[in-house]
Amino acid sequence: MIRNLTVQQINDWFTIGKRISNAERLEGKTASSADVGASRATLDEPSSREATAAAPPPPPPPNRGMLLLDISFPGTNSSLLEKIDGEDLPTSFPVIPPRPVNTILSTERANYRYQELPINFILCFQLVNLIENNSVVIVRGVTGSGKSTQLPQYILDHYCKTSSYCKIVVTQPRKIGAISIARWICRERRLSLGGLVGYQVGLEKETTTDTQLFYVTTGILLHKIVSAKCLTEFTHIFIDEVHERTEEMDFLLLVVRKLLRTNSRFIKVILMSATINCEEFADYFAVPFRNSFTPAYIFEVDGAPHNVEEYYLDDLKRLVPPLFSNEPVISSEIYKIAEVLILNFDEMENKEQGLHVYPLHSSVTLEEQNDAFLTPVPGYRKIILSTNIAESSITVPDVKYVIDFCLTRNLVCDDDTNYQSLRLSWASKASCIQRKGRAGRISKGYCYRLVTKDFWTHCIPDHAVPEMQRCPLGSTVLKTKLLDMGEPRALLASALSPPNLRDIERTVVLLKEVGALSIGIKEIENPYDGDLTFLGRVLAHLPVNLQLGKLVVLGHVFGCLEECLIIAAALSLKNIFVAQLYEELKDRIQKFDMFVDHHSRCMDEEYVHKQRFILQVVLAGAFYPNYFTFCPLSEETAVKELSGKYANATVVMRNIPPYGFLYYKQLQSLFRQCGQVKAISFDGSKCFVEFVQNPIKRTGIHPAVYMALKMAQLHIPLQLNVHPVEEIEALSQGQSYAGLHRPRLYVDYQNWTVKLMSEEMSRGLLELPCDPIPCFFTMNVTEVVEVGHFWGYRTDGESLHTLSKLMTEINQMKLTPLAVEPYPDVCLAPFTDCSETHYYRAKVLQVSGDSAEVFFVDYGNTAQVPSHLLRNISSQFLELPFQALQCQICCMRPSAHSLISGDQWSAKAKKRFISLVKDCVLLVKVFSTVHCTLRVDLSIQTSKGDRNVREVLISEGFAEPAEESYESKNSRLTQQNSRGTQTTRWTQKEEDWKVIQTIMENFSSSKLGLPSSKVLLHGPFNPYEIRFHSMTAMSRFRNVWIERESINSVALNGAPEDVHQRMLVAASVSVNASGSTIIVRETTLMPNIHGLPALICMIFAPVMELRTDRLRKSYTGALCGLGWNPTTNEALLEEHDQEVVFDVHLDVNDISEINLLRSTINKLVCDGYHGPPHYGNNEKTRKLQHEASQKLLE
1 MIRNLTVQQI NDWFTIGKRI SNAERLEGKT ASSADVGASR ATLDEPSSRE
51 ATAAAPPPPP PPNRGMLLLD ISFPGTNSSL LEKIDGEDLP TSFPVIPPRP
101 VNTILSTERA NYRYQELPIN FILCFQLVNL IENNSVVIVR GVTGSGKSTQ
151 LPQYILDHYC KTSSYCKIVV TQPRKIGAIS IARWICRERR LSLGGLVGYQ
201 VGLEKETTTD TQLFYVTTGI LLHKIVSAKC LTEFTHIFID EVHERTEEMD
251 FLLLVVRKLL RTNSRFIKVI LMSATINCEE FADYFAVPFR NSFTPAYIFE
301 VDGAPHNVEE YYLDDLKRLV PPLFSNEPVI SSEIYKIAEV LILNFDEMEN
351 KEQGLHVYPL HSSVTLEEQN DAFLTPVPGY RKIILSTNIA ESSITVPDVK
401 YVIDFCLTRN LVCDDDTNYQ SLRLSWASKA SCIQRKGRAG RISKGYCYRL
451 VTKDFWTHCI PDHAVPEMQR CPLGSTVLKT KLLDMGEPRA LLASALSPPN
501 LRDIERTVVL LKEVGALSIG IKEIENPYDG DLTFLGRVLA HLPVNLQLGK
551 LVVLGHVFGC LEECLIIAAA LSLKNIFVAQ LYEELKDRIQ KFDMFVDHHS
601 RCMDEEYVHK QRFILQVVLA GAFYPNYFTF CPLSEETAVK ELSGKYANAT
651 VVMRNIPPYG FLYYKQLQSL FRQCGQVKAI SFDGSKCFVE FVQNPIKRTG
701 IHPAVYMALK MAQLHIPLQL NVHPVEEIEA LSQGQSYAGL HRPRLYVDYQ
751 NWTVKLMSEE MSRGLLELPC DPIPCFFTMN VTEVVEVGHF WGYRTDGESL
801 HTLSKLMTEI NQMKLTPLAV EPYPDVCLAP FTDCSETHYY RAKVLQVSGD
851 SAEVFFVDYG NTAQVPSHLL RNISSQFLEL PFQALQCQIC CMRPSAHSLI
901 SGDQWSAKAK KRFISLVKDC VLLVKVFSTV HCTLRVDLSI QTSKGDRNVR
951 EVLISEGFAE PAEESYESKN SRLTQQNSRG TQTTRWTQKE EDWKVIQTIM
1001 ENFSSSKLGL PSSKVLLHGP FNPYEIRFHS MTAMSRFRNV WIERESINSV
1051 ALNGAPEDVH QRMLVAASVS VNASGSTIIV RETTLMPNIH GLPALICMIF
1101 APVMELRTDR LRKSYTGALC GLGWNPTTNE ALLEEHDQEV VFDVHLDVND
1151 ISEINLLRST INKLVCDGYH GPPHYGNNEK TRKLQHEASQ KLLE
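For the sequence shown, the positions run 1 to 1194 when UniProt numbering is used.
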């Protein structure tokens, strides 16, 4: 319907509180351009020159019920005029802010000549007229038609010519698209970036107050709209690539549609895409008129810059055989086809070119992304290896060929666990058409789709499933609460493709678990909705995911905000260069009175370690309930699998070939990048690789073991070049070699010797100063490695006499300087005691410049010695076993306080231990010998009697009792059974050893030529590798795999005798395609504090239900989760419930302390709408933060 309105009626219509009456209806009458021009001249009273310039050509014929108005001028929304037919106008309208005067002169645009594209100068008048006369216009045109670049400029120039205000925003789904288009326009128009045209993506912004054409990402515009709750910041909103049905895109369309019908009716919205389903979008943005809806206007842009030919696997039979699988994977055959195609392009063009390859994906830097737009060097072909980041918006003009695997990675959500994962699947036809459009911009193009034509026609979907129907909706639901437009279920039901109702309800429950939503609305329980808490408002305003936002808030609670901001920024960007995001987060949280505390802190020697522990607990709280514990480990089985070798410094290799001992030099070279190999023991088809350890380093897992296991995890092939068995056996010179192809041998790389392995060696029992070691003796401690672990020497008469005699003999000889580098394993080094300097046997640990760190093997202490003072040692002095003893107090481990306040042991604990054992005679009671280390009980002889060192440390809170390890128990029993027996039992017969020696001698000297085959070894392995399982009910019985890039991807159990639970926290959790394996990344291994997993669960779980024994006298565990529905008595989120079993004693006082800590956290993260009542009172905030930290440490 068309109405003929007078000027007075129009003025009344724009006056709040007035009504329009007596409007004359024009039946079947169409407004002419002259009428439009006259009306504009009458209304705005411009000069005749301006009126003529502003008059557009006749509009196109109506489409799908399009209404043409008799009046058209900038800023008028036709859909509002339509509603006057029998309806009352609204009594109030939003206050539109005054438009600033444009300060950029129109001369900057006057001489610009548009490119010859399908959207050309002739079509622009039709499009501008349509946009100005319709609330929503849908523009569909092929890729390269000028939708993203030229159409917004036409609108900008139109408003410039009429001296009218405009502010245009154009959304792009990807950062690189927004940046590249803005830069291209500025370059073409010779404008400075950030002036008339600018962009804003993520944290990067190039705009000024003069900017009138903004290119932004979808998320940026959505954030602006949600914050403002209206669209009036802009006059025109171009939403490009609307066919990409991301969660942000669909929610943006929902919000724009909602606001267009409420408080932003004058805003023009233009939807654009090359593959849009026009009818679906037109109906979605239909305008209500009387008792029906009028669909949005559709404008089709015909033509393309250049033709692009399509080819399928069926067309490539001459090049390669068509091997094709219906599974969405890139097989080696398909990959080979792509290679062949690239090489054949030179043939097709009759020229040979080199290749320049550029990766293009979201993980590369912006500078590296820009390299893809560079003009190729003459004589070279540019190859862009791209993900779907280049599927749309990006124009690389010189692309001629597109090779499309027709695959994409989609973010999907597992139905059972709600974990997200990226899975490879077939792309939609719409996406593939977009990819095809990357070619044909400046010349004819070619698109090769690596699927069969039949598969393309019948199996490739037309459009992708919208993200809103397959992904978690946490951030979207939070935005709906910020908009305050009703219950999330009701608002999201009006989406273009509404999500499943069950998914919305589940998201609401998950947000309640995080703490972003309250249990109900205005304290009335509602399972489908909840009030937005203060934490929820903070999370909704931070540009990071919900769990990282919670990390920031908990960092504020426990006084480690700065550290948490850095971690959140790094995890969000997957990068360590996070200064920009760090500053952005810091600025955003200031509106919630959260500030980085720059006050001076009490920096004692334990402060850093305590802060590290607090930070670990904060991480656990932020990523609740992503908790995992160790799978049970049989220490006895592990010890037997290692044949008694030292687990902390040994890895196992399998599939050793026959006569594998002949290739011991090759084996050593395989582990050269890991560390220095001490020895390799061959036992059947496996071997044990042992690494050299520093005797004064803490007895943790050797770094070389981690690196070796990492090689296996990365599937780095470890191969041996071998000779045929027949050739090797021929070297035996007629001697019997039966059963000798896999002998038990020991290769010592420090002395380069190969010898038979005794039974003692096979059990890992190495040589000691005397055998057997007496059960009781006195000693002096010379070097403390850590609390309870030390070196020393015996002080009985016989031992002291041996040491004195050895020192005298050494210093009576004429000593010669070391002349060869590298230095030998053992030499003579000087040591000064009581102003007297003597030479002693020493092991060179490290050489740095002119100084060497040496370990005195007869006394157990270390010293820094000038390297030129080192002397050669005579072989006669190497016959006597080293006299220093390495001891470790048994059945003792660090207390919780020591673990929190230090690296295993606190500095105070170490000082206390040193004060107990230094400069005094100690009585040692030997329990067992494990890997050359005596497990002992240590006593101090005083005038008041003996004091047990272990009991002193436990009573003073530095240590706590621990279980004795299986190896120690086994060694103790072995020593008791074999005491007095010193016969060495060999694993091979003497005659066999002679045959082995003959083969080895002939192998090293013979000329067998180069090895003719390869053998792939299996491993390395270590039986103490940790396997994890989830603590949640739903995922408890699924496999857990830690991603290779995670710091804990290789984890070893250093205390297998300790049966208490340990916890691993994961920042990111997903699931594999079959749902059988949980994949975790960005992990934190919590310290081995007894009871810590239960404590963390009870602190951060929304609800906990305590378990007691049958007599209800003690607590045995707790059920932690979101709680239950009191109406149905069903768990609200059963799959995230965690049944925690207490492995330490907890009484009523402990539970009360936990509740006090939970209460303190709630005071700092209050449920109030505007935040905690003490915000703004920095002193009270600091007091509460200190209280929370102290309660946690206690």
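All residues carry an ideal CB built from backbone N, CA and C; glycine is no exception.
Relative to the C-alpha of residue i, which residue among the options is closest?
i: Val544; options: Gly559, Lys512, Leu581; result: Leu581
i: Phe238; options: Val269, Ala568, Cys459, Val747; result: Val269
i: Arg140; options: Asn129, Ile119, Tyr154; result: Ile119
i: Arg245; options: Leu551, Ser428, Glu606, Arg1038; result: Ser428
i: Cys887; options: Asp371, Val917, Glu879; result: Val917
i: Lys908; options: Asn872, Ala959, Leu922; result: Ala959
i: Asp315; options: Val451, Asp992, Lys925, Glu300; result: Val451
i: Gly195; options: Met711, Val201, Phe214, Ala1073; result: Phe214
i: Lys697; options: Val784, Tyr312, His723; result: Val784
i: Glu1001; options: Arg506, Ser898, Phe661, Ile403; result: Phe661
i: Glu786; options: Val854, Met807, Thr699, Met813; result: Thr699
i: Ala1073; options: Val329, Pro1011, Arg612; result: Val329
i: Pro695; options: Asp1147, Phe855, Glu1105, Thr1084; result: Phe855
i: Arg1044; options: Arg912, Glu963, Lys710, Glu1187; result: Lys710
i: Glu964; options: Ile914, Phe1021, Ala1055; result: Ala1055
i: Cys1120; options: Pro1126, Leu1192, Met1098, Thr507; result: Met1098
Determine, using beta carbons only, whether residue i and residue j come nearer to each other than 8 Å.
i: Leu756; j: Val995; result: no
i: Thr782; j: Tyr840; result: no
i: Val1103; j: Leu1122; result: yes
i: Cys920; j: Ile940; result: yes
i: Gly559; j: Ser1189; result: yes
i: Leu720; j: Phe1003; result: no
i: Thr778; j: Leu922; result: yes
i: Gln616; j: Pro1087; result: yes
i: Val477; j: Gly445; result: no
i: Gln1061; j: Asp1143; result: yes
i: Ala495; j: Asp250; result: yes
i: Ala568; j: Ile576; result: no
i: Ala962; j: Asp1109; result: no
i: Leu231; j: Leu252; result: no
Which residue or residues does DSSP assign as beta-bridge partners of residue i?
i: Glu991; result: None, per the DSSP bridge assignment.
i: Arg654; result: Lys686, His1018
i: Leu885; result: Gly792
i: Ser494; result: Answer by DSSP bridge pairing: none, since Ser494 is not bridged.
i: Trp905; result: Asp903
i: Gly141; result: Val301
i: Val287; result: Thr294
i: Cys186; result: The partner list for Cys186 (beta bridge, DSSP) is empty, contrary to what the question assumes.
Decide yes or no for the touch test of the segment 424-439 against the segment 403-414: beta carbon pairs closer than 8 Å, at least 3 of them. yes
Runs of beta strand (DSSP E) lying entirely within the segment 362-412, each at least 3 residues, in chain order: 380-386, 401-404
Do the segment 652-672 and the segment 1082-1096 touch if we need at least three Cβ pairs shorter than 8 Å? no
Can you list, in chain order, the stretches of the beta strand (DSSP E) that have 3 or more residues and sit fully within the segment 811-879? 826-833, 836-848, 851-856, 862-866
If contact is defined by three or more beta carbon pairs under 8 Å, each pair taking one atom from either stretch, is the segment 809-825 in contact with the segment 879-893? no
Within 8 Å, do at least three Cβ pairs link the segment 1108-1115 to the segment 1007-1018? no
Of all the alpha helix (DSSP H) runs that stay within the bounds of the segment 449-526, which reach a length of 4 or more residues? 453-458, 474-483, 488-492, 501-514
Given 8 Å as the limit, is there contact between the segment 214-224 and the segment 178-196, that is, 3 or more CB pairs closer than that? yes
Taking 8 Å as the cut-off, does the segment 643-650 touch the segment 682-691 (at least 3 CB pairs, one atom from each stretch)? yes
Please go through the segment 184-241 and give each complete alpha helix (DSSP H) segment of 4 or more residues, from N-terminal end onward. 218-228
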